[in-house]
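I have placed the structure first, in the form of structure tokens, so that the comments after it can refer back to it.
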Amino acid sequence: MKSCKKGHELDELAKIWLDDKNIFYIWGAAKAGTKFLRQYKDEIRIRKVFDSDPEKQGKILEGREIVRFDQKCMEPGAKIIVCTNFYREVKQELLQCGFRENVDFIERKKFKGIRYYYKENKIYLYRVDLSVTNKCTLRCEKCNMLMPYFHNPQHKALEAIKQDLDLLFRWVDVVELFDILGGEPLLYPGLTELLQYIKEHYQDKIEAVHLFTNGTCILNEELLKISEEMSIIYDLSDYTRGLPQLTGRVDQFESELQKHKIKVNRDRQENWLDFGYPEINHENWTEEQRIAHFHSCEADFRGLYNRKLYYCHLEASAVQAGLFEESEDDFVELDRLSEENKVELIELDQGYSTKGYPGFCLRCDGCGSKKKIPVAEQRGKER
Numbered sequence: 009m010k011s012c013k014k015g016h017e018l019d020e021l022a023k024i025w026l027d028d029k030n031i032f033y034i035w036g037a038a039k040a041g042t043k044f045l046r047q048y049k050d051e052i053r054i055r056k057v058f059d060s061d062p063e064k065q066g067k068i069l070e071g072r073e074i075v076r077f078d079q080k081c082m083e084p085g086a087k088i089i090v091c092t093n094f095y096r097e098v099k100q101e102l103l104q105c106g107f108r109e110n111v112d113f114i115e116r117k118k119f120k121g122i123r124y125y126y127k128e129n130k131i132y133l134y135r136v137d138l139s140v141t142n143k144c145t146l147r148c149e150k151c152n153m154l155m156p157y158f159h160n161p162q163h164k165a166l167e168a169i170k171q172d173l174d175l176l177f178r179w180v181d182v183v184e185l186f187d188i189l190g191g192e193p194l195l196y197p198g199l200t201e202l203l204q205y206i207k208e209h210y211q212d213k214i215e216a217v218h219l220f221t222n223g224t225c226i227l228n229e230e231l232l233k234i235s236e237e238m239s240i241i242y243d244l245s246d247y248t249r250g251l252p253q254l255t256g257r258v259d260q261f262e263s264e265l266q267k268h269k270i271k272v273n274r275d276r277q278e279n280w281l282d283f284g285y286p287e288i289n290h291e292n293w294t295e296e297q298r299i300a301h302f303h304s305c306e307a308d309f310r311g312l313y314n315r316k317l318y319y320c321h322l323e324a325s326a327v328q329a330g331l332f333e334e335s336e337d338d339f340v341e342l343d344r345l346s347e348e349n350k351v352e353l354i355e356l357d358q359g360y361s362t363k364g365y366p367g368f369c370l371r372c373d374g375c376g377s378k379k380k381i382p383v384a385e386q387r388g389k390e391r
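When we follow our numbering, the leftmost residue of the sequence shown carries the number 9, and every step to the right adds one.
Here it is, written out as structure tokens:
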């Protein structure tokens, strides 16, 4: 969205969504909806839960009946908070029914950001991604973090990462998902020390720490121990459909985590979205096309790097690789914030900027890309 009144972009939305007279319906009876209900069922007036799964309909979730969506059965003026990972699909259905986004329905992450700030003067961010290394065990074509384009991949200095964390959590009170990634983060020599630092200083501000890995490294005892203590969730990207020779290593990796009762989400990926880099260039698009492209992406991953929080973690990675010249409109400088302007973090998180889109959108097809490509095709050696 184009920024018109920096520092006050969300004032009108707060008036709409924080009215104590509001009546709400929740869309989504899975994990996200359940978590939202548990947090807010006693704070806001929630009537029922919509869900398209017939097996859930008729059941009770946190004291609310689960029903099939029916616009005619909603109370007049009631609003919908969408609590599902399939927001795009739900959004299209609601728009077709005449509902207005951010007026009649809203995504839960946006609602929470507004409520935390305007009710409690707290900063809530849904997801923050921290890349700790540009080194990887693979060389995947179309890696969305652009790892094959780093000509001299390096581990990041641990002290610099700690400084970034200190700056971030000086202002941020709640991060729902804090993701550690790379490259391959298990190659990072300071990983255990970094996790210990997060545990000692910021675990009370983080709802869940996720570690993204391709499962090709060996898990040492120190890492397993701290992972157990912090209830870290390992997001295991399974590329064995494209690289079947990795099957044994990835199976063993998963088994080791399970043996230590560490949660692991194994994502057996059949294909990837093609984000388009380096071929894509949208420089010839009109401003309207660029903004529409940004809205079609709806990326929810913010990137923490070099004392800045970037709207898009792909751009943060491109900047590190020297592939893209950043614009000051694409991030918030954490070391220039104050109590008076910390709301800029929420405005960035919810997509407000002077141009109406981050600069890297012009080199990326985004999460709305329709092009599918084979998973983890390996790139040849540089000539």
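All C-beta atoms in this analysis are idealised placements derived from N, C-alpha and C, irrespective of residue type, glycine included.
Whole angstroms is fine: what's the gap from residue i's alpha carbon to residue j's?
{"i": "Val111", "j": "Gly330", "result": "41 Å"}
{"i": "Leu342", "j": "Leu176", "result": "6 Å"}
{"i": "Glu296", "j": "Glu262", "result": "46 Å"}
{"i": "Phe368", "j": "Glu323", "result": "6 Å"}
{"i": "Lys67", "j": "Lys49", "result": "17 Å"}
{"i": "Glu348", "j": "Phe119", "result": "21 Å"}
{"i": "Arg391", "j": "Glu149", "result": "With a pLDDT of 35 at Arg391, under the threshold of 50, the predicted position of this residue should be treated as unreliable, though the coordinate-derived value follows. Using only the alpha carbons, I get a separation of about 16 Å."}
{"i": "Glu333", "j": "Ala326", "result": "8 Å"}
{"i": "Val8", "j": "Glu101", "result": "Residue 8 falls outside the range modelled here, since the chain spans only 9 to 391, and no answer is possible."}
{"i": "Cys81", "j": "Tyr285", "result": "47 Å"}
{"i": "Ile288", "j": "His159", "result": "20 Å"}
{"i": "Glu201", "j": "Lys170", "result": "10 Å"}
{"i": "Tyr360", "j": "Pro366", "result": "9 Å"}
{"i": "Ser304", "j": "Leu173", "result": "30 Å"}
{"i": "Glu355", "j": "Gln260", "result": "43 Å"}
{"i": "Arg474", "j": "Ser245", "result": "The structure shown does not extend to residue 474, since the chain is modelled only from 9 through 391, so no value can be given for it."}
{"i": "Glu17", "j": "Leu146", "result": "42 Å"}
{"i": "Leu312", "j": "Ile188", "result": "10 Å"}
{"i": "Ile31", "j": "Pro161", "result": "52 Å"}
{"i": "Glu167", "j": "Arg344", "result": "20 Å"}
{"i": "Lys7", "j": "Ala37", "result": "Lying before the first or after the last residue shown, residue 7 is absent from the chain, which here runs from 9 to 391."}
{"i": "Asp28", "j": "Glu51", "result": "9 Å"}
{"i": "Lys130", "j": "Ser346", "result": "13 Å"}
{"i": "Ile299", "j": "Glu109", "result": "16 Å"}
{"i": "Ala40", "j": "Gln47", "result": "11 Å"}
{"i": "His163", "j": "Thr141", "result": "4 Å"}
{"i": "Thr92", "j": "Glu83", "result": "22 Å"}
{"i": "Gln204", "j": "Gly85", "result": "48 Å"}
{"i": "Gly388", "j": "Lys380", "result": "21 Å"}
{"i": "Asn273", "j": "Gln266", "result": "11 Å"}
{"i": "Gln104", "j": "Val183", "result": "33 Å"}
State the beta-bridge partners of residue i as determined by DSSP.
{"i": "Asp243", "result": "Phe220, Asn273"}
{"i": "Ser361", "result": "Lys10"}
{"i": "Asp412", "result": "Coverage of the chain is limited to positions 9 through 391, which leaves residue 412 absent and any answer about it impossible."}
{"i": "Phe32", "result": "Ile54, Lys87"}
{"i": "Trp280", "result": "Ile381"}
{"i": "Cys148", "result": "Gln386"}
{"i": "Leu317", "result": "Leu312, Val340"}
{"i": "Val75", "result": "Phe58"}
{"i": "Ile122", "result": "Its beta-bridge partners do not exist; DSSP assigns none."}
{"i": "Ile68", "result": "Glu73"}
{"i": "Glu115", "result": "Val90"}
{"i": "Tyr132", "result": "Val182"}
{"i": "His163", "result": "Thr141"}
{"i": "Glu347", "result": "DSSP lists no partner for Glu347."}
{"i": "Glu109", "result": "Phe113"}
Compute the beta-carbon to beta-carbon distance between residue i and residue j, rounded to the nearest angstrom, for a pair I have assumed lies under 8 Å.
{"i": "Glu236", "j": "His268", "result": "6 Å"}
{"i": "Cys372", "j": "Phe283", "result": "5 Å"}
{"i": "Val90", "j": "Ile54", "result": "In fact, because the Cβ distance is near 13 Å, the residues do not count as touching under 8 Å."}
{"i": "Glu25", "j": "Ile122", "result": "The sequence given here places Trp at residue 25; Glu does not occur at that position. At roughly 6 Å, the Cβ-Cβ gap stays under 8 Å, so Trp25 and Ile122 are in contact."}
{"i": "Leu370", "j": "His321", "result": "Not really, about 17 Å apart at Cβ, beyond 8 Å."}
{"i": "Phe339", "j": "Tyr318", "result": "4 Å"}
{"i": "Leu251", "j": "Ala384", "result": "5 Å"}
Have a look at the options and flag the residue whose alpha-carbon is nearest the alpha-carbon of residue i.
{"i": "Gln275", "options": "Ile299, Phe302, Ile241", "result": "First, the amino acid is wrong: residue 275 is Asp here, not Gln. For Asp275, the nearest C-alpha among the options comes from Ile241."}
{"i": "Glu128", "options": "Cys105, Phe332, Ala22, Glu184", "result": "Ala22"}
{"i": "Arg76", "options": "Glu70, Gly85, Asn93, Val98", "result": "Val98"}
{"i": "Ala216", "options": "Thr224, Ile122, Lys207", "result": "Lys207"}
{"i": "Glu352", "options": "Trp179, Gln47, Lys213, Glu83", "result": "Trp179"}
{"i": "Arg249", "options": "Leu227, Met238, Asn222", "result": "Asn222"}
{"i": "Asn219", "options": "Pro161, Tyr247, Ser139, Gln277", "result": "It is worth fixing the name first, because residue 219 is Leu in this sequence and not Asn. Here the closest residue by C-alpha is Ser139."}
{"i": "Gln328", "options": "Pro84, Lys143, Cys375", "result": "Lys143"}
{"i": "Gln79", "options": "Phe107, Glu70, Pro62", "result": "Phe107"}
{"i": "Trp35", "options": "Trp293, Phe44, Glu385", "result": "Phe44"}
{"i": "Ile214", "options": "Thr224, Leu227, Ser239", "result": "Ser239"}
{"i": "Lys10", "options": "Gly364, Leu203, Cys105, Val383", "result": "Gly364"}
{"i": "Glu264", "options": "Cys225, Arg96, Thr294", "result": "Cys225"}
{"i": "Lys87", "options": "Arg116, Arg96, Ser60", "result": "Arg116"}
{"i": "Glu336", "options": "Thr362, Tyr33, Gln211", "result": "Thr362"}
{"i": "Tyr247", "options": "Pro382, Arg96, Arg387", "result": "Pro382"}
{"i": "Gln386", "options": "Asp61, Leu254, Lys14", "result": "Leu254"}
Q.
For the segment 144-160 against the segment 184-199, do three or more pairs of beta-carbon atoms, one drawn from each stretch, fall closer than 8 Å, so that the two count as touching?
A. Touching, yes, given that three or more Cβ pairs across the two stretches are closer than 8 Å.
Q: Assess, as a yes-or-no matter, whether the segment 134-147 is touched by the segment 307-321 under the definition of 3 or more beta carbon pairs within less than 8 Å.
A: yes
Q) Are at least three pairs of beta-carbons, each pair with one atom in the segment 193-207 and one in the segment 226-236, less than 8 Å apart? A) yes
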